[in-house]
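Peer 1: Here's a structure for you.
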Amino acid sequence: MISISPVAVPGAPLARRNPVAKVAAALVFSFTLLATLDPVAPAVAIGVELAVLPLFGIRYGVLARRAAPLLLSAAGIVVTLVLFAAERTGRTLVEAGPVAVTSGVLLTALGLALRMLAVALPGVIVFATTDPTDLADALVQNARAPARFAIGALAAFRLVPLLGQEWQMISMARRARGVDAGRNPVARLRLFVSTAFALLVGAIRRGTRLAVAMDARGFDAATPRTVARRQRFGPADGLLVAGAAALAGAALAVSVALGTFRPLIG
Amino acid sequence: MTARVVLRGFGWRHAGRRAWAVRGVDLSVEAGERVLLLGPSGAGKSTLLAALAGLLSDDSGEQEGTVEVDGVDPRADRDRVGIVFQDPESQLVMARCGDDVAFGLENRGVPAGEIWPRVDEALRRVGFPYDRDRPTAALSGGEQQRLALAGALAPRPGLLLLDEPTANLDPAGAALVRRAVADAVTADTALVLVEHRVAEALPLVDRVVVLEPGGGVRADGPPEAVFAAHGDALAAEGVWVPGRTVPPRRATAAPGEALLTADGAALPPRLAPTDLAVRAGEALAVLGPNGAGKSTLALLLGGLLRPGAGQVAATRELAGRDAATAPHRWRAPALARRIGSVFQDPEHQFVTGTVYDELALGPRRTGHGEAAVRATVDGLLDRLRLARLARANPYTLSGGEARRLSVATALATAPRLLVCDEPTFGQDRRTWLELVDLFAELRDGGHGVVAVTHDADFVAALADRRLTLARDPAAVAA
Amino acid sequence: MNHTDSNRWRTIDIVVASVIAVAFGVIFWAWGLVWSATEGAFAFFPPAQTLLYGVWLMPAVLGGLVIRKPGAALYCETVAAVLSALLGSQWAGTVIPQGMVQGLGAELAFAAFRYRSFRLPTALLAGALTGVGAALFDFLVWNAEYDLTGYRLPYALLTVVSATIIAGAGAWALLRALLTTGALDRFPAARARTPI
Ligand SMILES: Nc1ncnc2c1ncn2[C@@H]1O[C@H](COP(=O)(O)OP(=O)(O)OP(=O)(O)O)[C@@H](O)[C@H]1O
Ligand SMILES: Nc1ncnc2c1ncn2[C@@H]1O[C@H](COP(=O)(O)OP(=O)(O)OP(=O)(O)O)[C@@H](O)[C@H]1O
Ligand SMILES: [Mg+2]
Ligand SMILES: [Mg+2]
C-alpha cells in the first residue's frame, strides 16, 4: 500500500532532530558530494551514511528496500556509460564494434554509480524518518515558509493513501459497468489513461471539497494563525547541519589527499 | 458565543443551473433554538446550510436576498459557525486526530496554551475513544463523524450546523453521535439539523422547518403542531412524518434456484469467512455494525474483488457454461449483464459526464438499440424523479439524487442479480417508496437482490431473509 | 468570464494546486504497479527515459494553466518533488531543488506573458522552458561524464522536445479535457456554460 508515514524507530537521537535541520543537512551533504566525479569520495561518504544509520533509527533491511530502485539506476549508469562514455582511456577489456569497454570506462562508471548512491542516500534516510506534519510545521516556524501554503500542501498529502484506494475503486466501478481491457496491450494502455484521468478529476473534486471544509473551519480567516505544535531549532539542530557539512568536506579531503579528486567543473 | 440567524428572501442558484436550489426563504433562528430542517430530496437543505456557514462563494452561483448571522454576512466572518458535512472523509484535514481538532483553533488564533486543553475537552464531549495521536486514516466512518463533530465544537460556535450527521452509521453509532450532539450543545448554542429520518432526530430539536421545493417555507413550528396540522400533506410530499408506517412488500412467490453462493469467502483482515446463497426471486438483507465487512462482501459477490480465501461461485442458472469460472474472472460485459453492483459511495459509480449518459451506458454496452436505451432511461428518470436533471453532471447532484442515480444505473441493465450497498440512505419518503417498489418488482420478476443496509424500515418492508455479519475481533486485529 | 483580479491565492487554489501535484505522484506510483516490466527498459534505454521526463514535468504547466496566479507552476512542481521524496523516490532529496529549477522554467514562461495568456503557445513555451530547466540540471549535475555530442547534447535536446510536446501540449490538452468534466468550474479557466 502507498504510504507516507515514517518508517524509523521513533525516538532515535537523529530522527528526533528538527525536520528542517534534517533536510538542510541532507541537501548540504548531497550537494557537497556532487562536486567530484571520482569513486573515492562517494565511497567514503557511503561509509559515513551507513555508519550514522542506527542514529536515525532505521534498520539496514528497511533502507535496502527503500533504496532498491537505486541499484537498478546504478546498473543503468554503467550500461549507458559503456555506450556513451566521453573518453575511453586505460586497457581495452572488450571490444565490440564502436563500443570499447576499457578499464578507464569501468572506473568512471563505478565512480558515477557510487556518486549517485552517495548523493541520493541522505535524502532517503531523512525522508524515511520525517513525518509530513512535522515537516510542514518546521517549514513554517523555522524556515519562514508561508503557513497557508505549507498547511494546504499537507492537507493534500493526507489524500495520498486515499487516492491509492480510489484507484482501486475506479477500476472496480468500470468493471461493474461493463468496461474492461482484457489482454490487448493497446486497450490496457487506454484503460490506464482513462483511469488515471478519472483519478485526477476525482482528486480535484476532493480537493475542492476539502478546501471548502478548511474554509468552514476558518482557514482563510484574516486572524493571524497560532501554532499548536511547537517546532524548535536548537543548537543540536545547528550541529547536525554543521556536522553534515564537515563530514562531506572530510570525504572530499580524503579524495584530494589520495590524489583521486576530479572536480565536476574544470 | 451566541448567534442569531436571519434570512430575508434568501435564494441561491448554482452556477450552470437554470432552477434555483432554494428561493424566497424568510427565517430567523434565535440563540439556543434547535431546528430540524426538512424537505424532499433536492429541496435545497444542504445548500441552505452552506449559505449559513458562509460557504457559497460568488464564483459558484448567484444569490438573492440576504443571510445574516449576528448581523453580518457569514462569508465575512465565519467564527461563529461550526458545520459538519454528510461525508466525514473530505472534512478531516490533518493526519492525527488531535491535530485535526486543533486545526480550527489555530486558524482562529486561539493562544497556544489554550489549544490542547480545549482539544481534549472537545474530544471528551463527543466521547471519542482514542488519544490525540491516533491517525485519522485508522478510524471507522462513525469515529470519523464524531471527530468531525469535535472539530466543529472546539471553537465553541454559536451556531452549529449538521447535515445528515448519522448517514451510513450503524444504529449504535448513530445513537452515539446523537447523544454526543445532545450533550455537546450548550444552552445558548443554536442548532440547525438536516435529517430525513424525523423520528430519530426529534429528541434533539424543539422546532421543525419544512422547505418547499418550489421556494419558500412550507411549515414552521414545534414538531407536534407542525405534524398535527400538515402531517398527511407532508407525508405525501415525501417527509418522514413520525408514526406513519410503510406498506410491506413481501415476495409473491417462493424463491427459485440459487444464483450465487459464497463458501467460506473471506478477505483478511476486512472480512471473516462467510457462507451464503442468493436465490432467484428473493431479497437478502446483509446487516451488521460499521466495519464488519459488509461492503467487502458486496464487492466479492459482485465479482469485483478476488476472495483471499474460500470461494464465490455462480450457478448455471446465473451464468450458464461460465459457471465453471469464478465471477471475478469474467470479462466485464458478461459480468455487467449478470450481476449489477451499487457502491456505497454513489460517486464511485459514475463514469460519464451527464445523468442521461450514465443511465444509458449499461444498456448500450450490453448491446441494446438506441430506441430501447431511450425508453429504459426515460422510464427510470421519471420514476426516480431525475427527469429535469437529465443533462446535469452527476457530481453536482444533491446527496439523495446521486444515490438514486447510482441505483438506477445498476437497474438499467436489469441484471439477474443485483448487489446494492446502502441503496436507500438519504432518501425522502416518496423516493424511498419508489425504490422499494422497484426492488420488489425486480424480485418478483425472478431476479435476486442482495442489499447491504442499516435501514431497519427497508429490511422490514422488503427483505425475505437476513444475514448479520459480526465484527470479528480476530479478523479485525489480523 | 469570471477573471479573478487579485493575485491572492484562495484556499481552493492552494489545495487544488497541491492536489494536482499529489495526484501525479500517485499516478506514477500506479504506473509502476501496472507496467513494472517496463521500468527496466526505462532505466537502460535513455531515450525512453526522456519520454517519461515530459510526463514528470506536466504538473508545472498544468498548475500554471489551472490556477493562473504567480507562483503556481513553481509551487506545483515543488510540491510534486517533495511528495516523491516522501514516498521514497530513489532520487529522494535531490528532486526538491531539481523540481524547483524545473518549475521555475514554466513560471518564467507564464510571467513573460504577465499571467494574462494561457493559450496553446504559452503552454508550449512553458513546457519548453521547464524542459530547459530539467536539461540544464541534468547536463551539469548528472551527465558530466558522458560523451558530449553522442549523449549529453542529444539527451538535453530530447528532454526539451519531450517537455514541449508532452508537458506543454499535453497539459494544454489535459486542461481542455478537465474543463468538460466540470471539476474546474470554480476556476477562471472554466468558460461560461449554458445552464440546464
Ligand atoms: N454544486 C452544484 N452545482 C449545481 N447544482 C447543484 C449543486 N449542488 C446542488 N445542486 C442542485 O441544487 C438542488 C438542491 O440541492 P441540495 O443539495 O441543497 O438538496 P438537499 O435538499 O440537500 O437534497 P438531499 O436531501 O437529496 O440531500 C438540487 O437539485 C441539486 O441538483
Ligand atoms: N481498501 C481497504 N483496505 C484495507 N482495509 C479496508 C479497506 N476497505 C475497508 N477496510 C477495512 O475493512 C473492514 C471492513 O470494511 P467494510 O467497508 O467492508 O465494512 P462495512 O461493514 O461495509 O462498514 P460500514 O457499515 O461502515 O460501511 C474495516 O475495518 C475497514 O477499515
Ligand atoms: Mg443534502
Ligand atoms: Mg460499507
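As you go down the protein sequences, you meet chains A, B and C in turn. If you read the first sequence in the numbering used here, its first letter stands for residue 62, the second for the next number, and so on. If you read the second sequence in the numbering used here, its first letter stands for residue 28, the second for the next number, and so on. If you read the third sequence in the numbering used here, its first letter stands for residue 3, the second for the next number, and so on. Where a beta carbon is used, it is the ideal one built from N, C-alpha and C, also for glycine. These figures come from a predicted structure and were not determined experimentally.
If you follow the beta strand (DSSP E) that P300 (chain B) is in, where does it begin and where does it stop?
Peer 2: L298 to R306
Peer 1: Anyone know if the C-beta pair for L166 (chain B) and L174 (chain B) falls short of 8 Å?
Peer 2: Yes.
Peer 1: Determine the contact status of V313 (chain B) and L496 (chain B), defining contact as a CB-CB distance below 8 Å.
Peer 2: Result yes, Cβ atoms of V313 (chain B) and L496 (chain B) sit closer than 8 Å.
Peer 1: Opposite L314 (chain B) in the DSSP bridges: which residues?
Peer 2: B:T495
Peer 1: Quick check: does the Cβ of D197 (chain B) come within less than 7 Å of any heavy atom belonging to ligand 2?
Peer 2: yes
Peer 1: For L119 (chain B), does the three-state DSSP call read helix, strand or coil?
Peer 2: coil
Peer 1: Going by beta carbon distance, what residues of the same chain come within less than 7 Å of D302 (chain B), once the five residues before and after it are set aside?
Peer 2: A289, D290 and G291
Peer 1: What is the DSSP secondary structure of P324 (chain A), reduced to helix, strand or coil?
Peer 2: strand
Peer 1: Using a Cβ cut-off of 9 Å, which residues of the stretch 70–95 of chain B contact any Cβ in chain C, in chain order?
Peer 2: S84, D85, D86 and S87
Peer 1: Excluding sequence positions up to five away, which residues of its chain have a Cβ less than 6 Å from the Cβ of A39 (chain C)?
Peer 2: Only weak support is given to the placement of A39 (chain C): the predicted model assigns it a pLDDT of 47, under 50, and the value that follows is read from those uncertain coordinates. Excluding five sequence positions before and after A39 (chain C), none of the CB atoms of its chain fall closer than 6 Å to its own CB.
Peer 1: Can you tell me whether E428 (chain B) sits near ligand 1, meaning its C-beta is under 7 Å from at least one heavy atom of the ligand?
Peer 2: With a cut-off of 7 Å, the C-beta of E428 (chain B) is classified as near ligand 1, since at least one heavy atom of the ligand falls inside that distance.
Peer 1: If you scan the stretch 145–226 of chain B from start to end, which runs of the beta strand (DSSP E) of 3 or more residues do you find wholly inside it?
Peer 2: 186–190 and 217–221
Peer 1: Go through its chain and collect everything with a Cβ distance to P282 (chain B)'s Cβ below 8 Å, but skip five positions before and after it.
Peer 2: Counting only Cβ-Cβ distances below 8 Å, and skipping sequence neighbours, we find R306, A307, G308, E309 and D491.
Peer 1: With burial defined as no fewer than 16 other Cβ atoms inside 10 Å of the residue's Cβ, what is the status of N245 (chain A): buried or exposed?
Peer 2: exposed
Peer 1: For A75 (chain C), which option in C:T183, C:A173 and C:A146 has the closest C-alpha, if you only look at C-alpha atoms?
Peer 2: C:A173
Peer 1: According to DSSP, which residues form a beta bridge with F92 (chain A)?
Peer 2: Paired residue(s): none; F92 (chain A) is not in a bridge.
Peer 1: Using a threshold of 7 Å, is the CB atom of T381 (chain B) nearer than that to any non-hydrogen atom of ligand 1?
Peer 2: no
Peer 1: Going along the stretch 231–243 of chain A in order, which residues come within less than 7 Å of chain B, judged by CB to CB distance?
Peer 2: M233, A234, R235, R236, A237, R238, G239, V240, D241 and G243
Peer 1: Give a yes or no on whether the minimum CB-CB distance between T269 (chain A) and chain C is below 8 Å.
Peer 2: Closer than 8 Å to some Cβ of chain C, the Cβ of T269 (chain A) qualifies, so yes.
Peer 1: Show which residues of chain C have a CB atom less than 8 Å away from the CB atom of L224 (chain A).
Peer 2: V24, A25 and V28
Peer 1: Which residue wins for smallest C-alpha separation from A149 (chain B), given the options B:G178, B:G168 and B:V137?
Peer 2: B:G178
Peer 1: Can you name the residues that DSSP bridges to L54 (chain B)?
Peer 2: B:L34
Peer 1: Going by the CB atoms, is the gap between V120 (chain B) and A216 (chain A) shorter than 8 Å?
Peer 2: yes
Peer 1: Please check if any C-beta of chain A sits within less than 8 Å of the C-beta of V57 (chain C).
Peer 2: no
Peer 1: Using the Cβ count rule (16 or more neighbours within 10 Å means buried), how would you classify S368 (chain B)?
Peer 2: buried
Peer 1: Determine, using beta carbons only, whether V268 (chain B) and L63 (chain B) come nearer to each other than 8 Å.
Peer 2: No, they are not a contact pair.
Peer 1: Of all the CB atoms in chain B, is at least one closer than 8 Å to the CB of T183 (chain C)?
Peer 2: yes
Peer 1: Quick one: Cα of A402 (chain B) to Cα of P390 (chain B), how far?
Peer 2: 11 Å
Peer 1: Taking I168 (chain C) as part of the beta strand (DSSP E), name the residues at either end of that continuous run.
Peer 2: Per DSSP, I168 (chain C) belongs to no beta strand (DSSP E) and is neither H nor E.
Peer 1: Using a Cβ-based criterion (distance less than 7 Å to any ligand heavy atom), does R297 (chain B) qualify as near ligand 5?
Peer 2: Summarising the ligand content, the structure contains ligand 1, ligand 2, ligand 3 and ligand 4 and does not contain ligand 5.
Peer 1: Is there a C-beta anywhere in chain C that falls below 8 Å from the one on L308 (chain A)?
Peer 2: no
Peer 1: From P222 (chain A) to R323 (chain A), what does the alpha carbon distance come to, in whole angstroms?
Peer 2: Each residue's Cα considered, the two are about 44 Å apart.
Peer 1: S20 (chain C): beta carbon under 7 Å from a heavy atom of ligand 1?
Peer 2: no
Peer 1: Alpha carbon to alpha carbon, what distance is there between P207 (chain A) and N134 (chain B)?
Peer 2: When the Cα atoms are used, N134 (chain B) and P207 (chain A) turn out to be separated by approximately 14 Å.
Peer 1: From G151 (chain A) to I107 (chain A), what does the alpha carbon distance come to, in whole angstroms?
Peer 2: 26 Å
Peer 1: With a threshold of 7 Å on Cβ separation, who are the neighbours of A82 (chain C) within its own chain once the five nearest residues in sequence on each side are excluded?
Peer 2: Excluding residues within five positions, the ones whose Cβ falls inside 7 Å are A23, F26, G27, P61 and G101.
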